[in-house]
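Structure first, commentary second.
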Amino acid sequence: MGTAVTTQDKNLLPIEDAWEDFVAGRYKEGKDESEYRVYDEGTNPGVAAFYRENHLKQTLAFVLDKEKEYYALNKGERSIWEAAEYLNTLVDESDPDTDLSQIEHLMQTSEAIRRDGHPRWMVLAGFMHDLGKCLCLYGEPQWAVVGDTFPVGCAYSDKIVFPEYFKANPDYQVPELQTKYGIYEPNCGLDKVHMSWGHDGYIAHVVRDYMPEPALYMLRYHSFYAAHRQGAYQHLMSQHDIEMFEWVKKFNPYDLYSKGHTKPDVQALRPYYEDLIAEFFPAKLRW
Ligand SMILES: [Fe+2]
Ligand SMILES: [Fe+2]
């Protein structure tokens with residue numbers, strides 16, 4: 000596994016951290032909807048700039064292009080553990096005390112799930128949920144890797160963060176992509192819906208043959224805040240999606256609020272995770 004971190008890779012980290020703090024604040028534990036802080040460019044300039052670019056560039060055509068490229072799974076073969084170590088090359092070593100490494104974030108999430116006595120597949124989903132961020136190491140810009148995800152090819156919900164930035168998206172000028180249903184049918188089911196491109200869809204695709212369905216929902220939709228936190232896009236969801244989203248909702252607090260607990264001892268925990276991985280996955284997967 001390579002250990003070099005290029006300047007471009009490092010660029011991910013500030014916005015990623017800013018974004019994670021931002022969502023944790025936006026969806027603070029115990030907050031009721033009326034108490035959500037109002038975010039604007041003035042209070043969160045970095046996050047605002049990130050979403051300005053994300054909302055501008057995540058077009059239907061861009062998403063279809065990335066699905067075609069990455070769903071072919073021709074970026075090599077790696078085990079899950081190797082993928083986690085590969086992702087860990089994104090660590091910003093200039094500040095090791097305050098920042099969690101990627102693996103530490105994954106393990107904090109999965110260990111919190113384990114402590115609460117959830118099934119083994121859910122612990123594993125916690126450990127894997129951000130492995131798709133290796134898209135950054137393939138050279139994808141951060142606006143195509145992290146941040147809230149949302150459907151493309153239909154009207155944007157005003158529940159998506161910074162909805163006003165969508166006015167700059169070329170799809171905004173295409174009337175057939177801006178109706179309520181756009182290119183989709185009412186309640187067609189989310190598996191027919193193209194989501195903005197990011198780490199969620201990619202990892203869910205990589206592991207689609209190996210994990211139980213609720214785990215795949217957790218992986219695929221964990222950044223779809225407009226739906227799992229705000230209840231948007233139910234008109235595209237099937238009854239089955241709505242039921243499965245209970246799992247996505249169950250997962251979300253572990254992603255957001257496990258930060259700040261003690262740092263997991265990665266090497267001590269490794270045998271447990273190697274066993275868990277072996278229970279579900281072959282030695283190598285195509286990425
Ligand atoms: Fe994530
Ligand atoms: Fe995460």
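According to numbering that gives the first Met the number 0, the residues represented by the sequence shown are 0 to 286, in order.
We put the CB at the ideal spot given by N, CA and C, even for glycine.
Of the residues the options, the one placed nearest residue i, counting alpha carbons only
i	options	result
residue 109	284, 279, 268, 283	268
residue 251	239, 222, 235, 233	222
residue 262	75, 104, 72, 162	104
residue 231	193, 159, 147	159
residue 64	83, 48, 143	143
residue 53	66, 85, 18, 23	18
residue 176	167, 194, 155	155
residue 183	212, 236, 163, 216	236
residue 164	20, 21, 15, 40	40
residue 243	217, 229, 225, 257	217
residue 161	23, 46, 62, 82	46
residue 201	49, 192, 23, 66	66
residue 127	149, 79, 68, 278	79
residue 273	134, 81, 20, 211	81
residue 132	86, 114, 171	86
For residue j and residue i, the rounded distance between their alpha carbons
i	j	result
residue 77	residue 280	11 Å
residue 111	residue 253	7 Å
residue 99	residue 130	15 Å
residue 42	residue 25	13 Å
residue 173	residue 151	12 Å
residue 55	residue 169	7 Å
residue 0	residue 190	With a pLDDT of 38 at residue 0, under the threshold of 50, the predicted position of this residue should be treated as unreliable, and no value is reported.
residue 89	residue 101	7 Å
residue 122	residue 181	36 Å
residue 147	residue 57	12 Å
residue 352	residue 188	What is shown of the chain runs 0 to 286, which leaves residue 352 out entirely.
residue 264	residue 219	27 Å
residue 275	residue 59	37 Å
residue 83	residue 157	35 Å
residue 118	residue 257	18 Å
residue 241	residue 207	19 Å
Cβ-heavy atom distance, residue i to ligand 1, below 6 Å
i	result
residue 147	no
residue 129	yes
heavy atom of ligand 2 below 6 Å from residue i C-beta
i	result
residue 254	yes
Rounded Cβ spacing between residue i and residue j (contact assumed at less than 8 Å)
i	j	result
residue 214	residue 124	4 Å
residue 204	residue 70	6 Å
residue 185	residue 234	6 Å
Inset, instruction - Entirely within the segment 58-82 and at least 3 residues each: give me those beta strand (DSSP E) ranges in chain order. - result: none
Inset, instruction - Ignoring anything shorter than 3 residues or poking outside the segment 97-174, list the beta strand (DSSP E) runs there in chain order. - result: none
Inset, instruction - Ignoring anything shorter than 4 residues or poking outside the segment 200-239, list the alpha helix (DSSP H) runs there in chain order. - result: 212-220, 224-227
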